[in-house]
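This report refers to the structure that appears directly beneath it.
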Amino acid sequence: MRRSLGGARRLLVARRLHTRHEPGAISMDTAVLEYAVDEEAGVLDIQHTRTPPEMRGQGVAEKLCDAAFEHARGASLRVLPSCSYVSDRYLPKHSEAQGIAVRSVDSATPGLCICVSWLGVASLRLVDARRRNPLTAALLAKLQSFLGACAAMEVTHGGPLPEVRTLLLESTGPVFSSGHDFNDFHEAPAAEQRRVLEMCADVNALLAEVPQVSVAAVSGACVAGGAQLAASCDLVIARDDARFCLPGVRTGGFCHTPAVAVGARVAPRKALELALLASDVDAVEAERIGLANSVVPSAEWASAVEQTVNQLARTFSKSVADGKRTFYRQAAAPALRDRYAVATDTMVDMFSSPAYQESMAAFLRRKE
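Terminal number for the sequence shown in full-length UniProt numbering: 368, no gaps in between.
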C-alpha cells in the first residue's frame, strides 16, 4: 500500500498476512519504522525507528508514527510500543484515538514502560520481547519505586482519589516473562544476589500491600519469576494460550522464591508438585487450580482485560482499598474467629464514615 506524503516522498506500508508476532515495516525513502503484530491480542508493537541523519529534523519520524497509528486503527489494533522513543513522544498524542487517554508515560527503564491513563489505570508493561521479558535488576528497582509510591498514595472516604487506581501488569511478545535475568546472578557476590532477590520479594509483596487492585494480563509463557509476579497480583486474566511453569529443576536448581507466590494461590501440595516436576500448566488448568481467575479466548482477551481494569478504576474507593487490605489480613489470621474479628473491625469503620453514611442514605431514599 502506498500513500503520498506530499512532494517527492512517498510512504510505503509493507505488511504480510499476519498470524501472530509477524514483522512489518513502514518506510519513507530510507527512513524505516519496524513493528510486529499480534492479531489474537489485537496489538501492534512499534519496535524501532531508523531515520538517516540527513532526514532528521524534518518530522519524518512523526509521519512514520502517525502512519503506524493510522494503520493500527484501520486494522482495529491497539498500539503498545516497546520503543521508548515512540512511547514518550507519540503515544500521548494518539491516546484519545487509542482509547487510552494517557496522563503520563515513563519508559526510561529498559524493558519496562509505565503508562498511567486519566482514568487511573497504570499499565506496567514488559517490553523486552526479544529477550523474553526478563526481570532485570534495573526493572525490579523501577517497579519497587513505582509500587512504593502507589502504596503511599492516600485514599480517604469522600476525599480525592489518587492518580493511580488500578494496576495492570502486561507484556509484549509471545512470552509474558521468562523470570529473573541470570546475568544479575552469574558470578555475582552473594550480597548482590541477596539484594536482587530481596528487591524482587519486596515488589511481589507490594502488589498485595498497595491499596490499588492489581491485574496480571497473561499471554504466552509465564515462567519462574514471571509466574511469581503474576501470582502476586490480585487478579489474573489468562489468554487461552497462556502457560505457567516453575522450571528451576530442569537446570539443576529450584524455583524457591517463585514457589512462595504460587503457593499462596494454589494448594500447598500442588505448588510443590509444580516446582518438583517443572511441568507446564495450561490456562484452563491454571484456572482450575486457582492460579488464574479466568481464561479468555484470544480474540476477546484484550477487550476483556481493558473492560476489567477500567471497571476497577471507576469503582475504586476507600472501601475497595480497605476491602483488599482486610481480605489479605483476615486470610492470614490463624483461626476463624480471628478472621471475623478483622473483617468486623473494618466493616464498623466503613459504616461510621460520613461518606459511606451519605451514600447509604441516598441508596435508601431511592428504595422508598
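All C-beta atoms in this analysis are idealised placements derived from N, C-alpha and C, irrespective of residue type, glycine included.
Remark: C-beta atoms of Phe176 and Cys222 approach each other more closely than 8 angstroms. The alpha-carbon separation between Asp241 and Val320 amounts to approximately 31 angstroms. For the pair Ala278 and Ala286, the CB atoms are not nearer than the 8 angstroms cut-off. The alpha-carbon separation between Glu34 and Leu126 amounts to approximately 18 angstroms.
When only Cα atoms are considered, Ala129 and Ala331 end up about 36 angstroms apart. In the DSSP assignment, the residues bridged to Ala36 are Pro23, Asp45.
Partner residues in the beta bridge of Ala122, as assigned by DSSP, are Val116, Leu167. Collapsing the DSSP output to three states places Arg50 in a strand. The beta-carbon separation of Leu207 and Leu147, rounded to 7 angstroms, stays under the 8 angstroms limit for a contact.
In the structure shown, the three-state DSSP call for Cys233 is coil.
Membership of Phe176 in any alpha helix (DSSP H) is not indicated; the residue belongs instead to the beta strand (DSSP E) covering 175-177.
According to DSSP, residue pairing for Leu135 in a beta bridge involves His180. Under the three-state reduction of DSSP output, Cys65 falls in the helix class. Boundaries of the alpha helix (DSSP H) around Ala299: 298-314. Judged by beta-carbon spacing, Val262 lies beyond the 8 angstroms limit of Ala205, meaning their Cβ atoms are not closer than that value.
In the same chain as Ala61, and ignoring 5 residues on each side of it, the C-beta atoms closer than 6 angstroms to its own belong to Thr49, Thr51, in chain order. Distance from the CA atom of Asp322 to the CA atom of Val218, rounded to whole angstroms, is 26 angstroms. Cβ neighbours of Arg250 within its own chain (closer than 6 angstroms, five residues either side excluded): Ala278. Separation of Leu272 and Val236 (C-alpha to C-alpha, rounded to the nearest whole angstrom) is 20 angstroms.
When the Cα atoms are used, Leu167 and Ala122 turn out to be separated by approximately 5 angstroms.
When Lys142, Ala75, Leu135 are compared, the shortest CA-CA separation from Ala108 is found for Lys142. Looking from the CA of Cys150, the closest CA among Gly179, Glu163, Gly158 belongs to Glu163. Taking the C-beta atoms as reference points, Val215 is found no nearer than 8 angstroms to Leu140. In this structure, Asp234 keeps its C-beta atom at 8 angstroms or more from the C-beta atom of Lys318. Taken in chain order, the complete beta strand (DSSP E) segments of 3 or more residues contained in the region 238-295 are 243-245. Counting the other CB atoms within 10 Å of its CB gives Gly111 a total of 16 or more, which places it among the buried residues. In the DSSP assignment, Ser214 falls within the beta strand (DSSP E) that extends over 213-218.
When the Cα atoms are used, Pro211 and Thr315 turn out to be separated by approximately 13 angstroms. Arg243 sits buried, since 16 or more C-beta atoms from the chains shown fall within 10 Å of its C-beta. Under DSSP, Arg78 takes part in a beta bridge, and its partners are Val43.
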